[in-house]
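In our numbering, the protein residues as written are 0 to 390.
Beta carbons are placed, not taken as given, at the ideal position from N, Cα and C, and that holds for glycine.
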Amino acid sequence: MAGETRKKARKPAKPATDGEAEGNGVPVASRNGHSGVAAEDGVASGADESFIHYPAGAYTHEELGFSGDQVHAMYRNMLLQRRFEERAAQMYGKQKIGGFLHLYIGQEAVSTGSAYAMEIGKDSVITAYRDHGIGLALGMTANECMAELFGKVGGSSRGKGGSMHYFKKELNFYGGHGIVGGHIAVGAGIAFAHKYKGDGGVCLTYFGDGAVGQGSFHETMNLAALYEMPCVFVIENNEYAMGTATDRAFAQTDFYRYAQSYGMASSLASGMDIFSVYKAMSDHIAAARNNRPSILEVRTYRYRGHSMSDPANYRTKEELDSMKEEDPIIRLKGYMLEHELASNEELDAVDDEVKQEVMDSVTFSEQSDEPPIREIYEHVYSQDDYPFLTD
0 MAGETRKKAR KPAKPATDGE AEGNGVPVAS RNGHSGVAAE DGVASGADES
50 FIHYPAGAYT HEELGFSGDQ VHAMYRNMLL QRRFEERAAQ MYGKQKIGGF
100 LHLYIGQEAV STGSAYAMEI GKDSVITAYR DHGIGLALGM TANECMAELF
150 GKVGGSSRGK GGSMHYFKKE LNFYGGHGIV GGHIAVGAGI AFAHKYKGDG
200 GVCLTYFGDG AVGQGSFHET MNLAALYEMP CVFVIENNEY AMGTATDRAF
250 AQTDFYRYAQ SYGMASSLAS GMDIFSVYKA MSDHIAAARN NRPSILEVRT
300 YRYRGHSMSD PANYRTKEEL DSMKEEDPII RLKGYMLEHE LASNEELDAV
350 DDEVKQEVMD SVTFSEQSDE PPIREIYEHV YSQDDYPFLT D
């Protein structure tokens with residue numbers, strides 16, 4: 000499959016029909032004959048087959064309450080992720096970065112839209128190995144992110160985590176995990192902790208489409224629904240699990256529908272439009288604050304291979320070119336120009352500024368120290384006098 004060229008048309012999100020509604024809080028009809036009602040937070044309620052659809056192009060910044068300056072900040076953050084990942088790929092090619100490297104190029108609207116919907120520092124986030132963009136969206140600096148890739152002490156995990164294990168306690172960012180689907184249950188545990196403490200926080204648990212096939216996904220959905228955990232399970236469906244297209248691995252490729260089996264609400268959002276992501280995530284977070292777990296499938300696309308060793312020859316040039324027309328950064332840039340929120344010259348200046356910030360992060364990483372051998376023993380156990388720990 001990974002080495003097999005295959006034409007695959009991207010399936011558009013289905014329009015709302017019976018049992019499906021747009022993300023505007025309207026009543027929805029259920030296929031089982033009962034009436035499902037979209038709650039005030041916008042997420043369909045009940046264990047029926049209703050769901051909410053958040054398509055691209057359905058929302059404006061004014062409708063969502065954003066100022067022009069906030070849209071500028073969104074654009075800058077997405078562009079920072081893109082330029083950071085491009086430079087990271089270059090540094091990997093120069094052997095400045097070792098191990099695995101999974102790039103987030105194409106998925107930036109998901110991370111930035113989510114960050115604007117949550118309360119950073121109050122809510123928690125956990126994700127898989129494609130974690131650079133989420134870290135930058137939450138507020139991690141380019142310096143600490145790049146230094147972590149370089150394996151230096153200036154990195155977010157002091158060089159011990161690398162690409163797949165970003166972490167930031169102050170942001171309630173719990174990583175970066177390398178095992179497909181292995182962290183989903185941890186996300187539910189974090190959500191349970193929020194509920195137990197009564198602190199009002201929720202946990203956003205991100206994972207890719209490939210993780211839906213793991214047993215841990217289904218086990219966690221059952222427990223989250225049973226114990227009414229304040230958790231949003233975000234499926235970043237970028238259409239490929241490594242080199243395997245979703246329709247070659249799953250009988251049901253509408254992943255949001257799995258929520259029905261567990262009596263949870265679910266939605267489908269376009270991951271190529273930051274406003275759609277923001278609106279969907281806002282509604283799901285509001286539901287989670289009322290101890291209503293849910294599944295949000297975000298349909299996005301990665302423009303690079305699964306990792307740096309993946310030539311991505313399982314998809315055609317025509318498919319890739321077609322998806323580049325939906326690039327979330329280009330979409331937002333066009334929106335800003337159309338609504339006269341910025342000029343081309345202003346946006347070019349933002350790009351230059353971001354490129355310099357990323358270049359400075361490379362310089363910082365090159366000048367940062369290598370971790371000493373003693374670092375192996377640091378931040379492993381919570382107590383300093385853990386038995387059997389010796390120099």
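Under the three-state reduction of DSSP, which class applies to V179: helix, strand or coil?
As a first step, residue 179 is located in the sequence shown; it is residue number 180 there, counting from the start. Taken through DSSP and simplified to helix, strand or coil, V179 comes out as coil.
Contact under 8 Å by Cβ, S367 with A55
As a working mapping, residue 367 is identified with position 368 in the sequence shown. As a working mapping, residue 55 is identified with position 56 in the sequence shown. No; because the gap between Cβ atoms is not below 8 Å, this pair is not in contact.
Give the list of continuous alpha helix (DSSP H) stretches no shorter than 4 residues that lie fully inside the region 269-322.
273-287
Could you tell me which whole beta strand (DSSP E) segments of length 3 or greater appear in the region 182-207?
The beta strand (DSSP E) runs of length 3 or more contained entirely in the region 182-207 are, from start to end of the chain, 202-207.
Same chain, Cβ closer than 7 Å to E324, neighbours up to 5 away in sequence not counted
As a first step, residue 324 must be located in the sequence shown, where it is residue number 325. Excluding sequence neighbours, E324 sits near nothing in its chain.
Which residues bound the alpha helix (DSSP H) around F232?
For the purposes of this step, residue 232 is identified with residue 233 of the sequence shown, where counting begins at 1. Taken as a continuous stretch (DSSP letters only), F232 belongs to no alpha helix (DSSP H), being part of the beta strand (DSSP E) at C230 to N236.
E218 versus A192, S260, R256 and I178, residue with shortest Cα-Cα distance
Position 219 of the sequence shown, counted from the start, is the residue given in the question as residue 218. Here the closest residue by C-alpha is S260.
Across which residues does DSSP place S266 in a beta bridge pair?
Locating residue 266 in the sequence shown gives position 267, counting from the first residue. Partner(s): I51 and L295.
Please report the straight-line C-alpha distance between E107 and I284, rounded to a whole angstrom.
Within the sequence shown, the letter at position 108 stands for residue 107. Within the sequence shown, the letter at position 285 stands for residue 284. Each residue's alpha carbon lies about 19 Å from the other.
Using 8 Å as the limit for Cβ to Cβ distance, is M228 near chain B?
As a matter of chain content, chain B is missing from the structure shown, which is built from one protein chain.
So what's T59 in DSSP terms, helix, strand or just coil?
Indexing the sequence shown from 1 puts residue 59 at position 60. T59: coil per DSSP, three-state reduction.
Which stretch, first to last residue, makes up the alpha helix (DSSP H) that contains I133?
For the purposes of this step, residue 133 is taken as the residue at position 134 of the sequence shown. That run of the alpha helix (DSSP H) goes H131 to L137.
Neighbourhood of N23 by C-beta distance below 7 Å, restricted to the same chain and skipping five residues each side:
If you number the sequence shown from 1, residue 23 lands on position 24. Confidence at N23 is low in this model, with a pLDDT of 41, below 50, so its placement is unreliable and the value that follows should be read with caution. Sequence-distant partners of N23 (beyond 5 residues in either direction) whose C-beta falls short of 7 Å from its own C-beta are missing from its chain.
Would you report the Cα separation of M358 and L102, rounded to the nearest angstrom?
Translated into positions along the sequence shown, residue 358 becomes position 359. Translated into positions along the sequence shown, residue 102 becomes position 103. Their backbone Cα atoms lie some 17 Å apart in a straight line.
Extent of the continuous alpha helix (DSSP H) to which V109 belongs
Residue mapping note: residue 109 aligns to position 110 of the sequence shown, counting from 1. Start and end: E107 to A116.
Do three or more CB pairs link the region 230-247 to the region 288-301 at distances below 8 Å?
yes
Would you check if there are 3 or more beta carbon pairs closer than 8 Å linking the region 127-136 to the region 333-351?
no
Which partner residues does V124 have in the DSSP bridge list?
Taking the first residue of the sequence shown as 1, we reach residue 124 at position 125. Checking the DSSP bridge columns, you'll see V124 partnered with F172 and L203.
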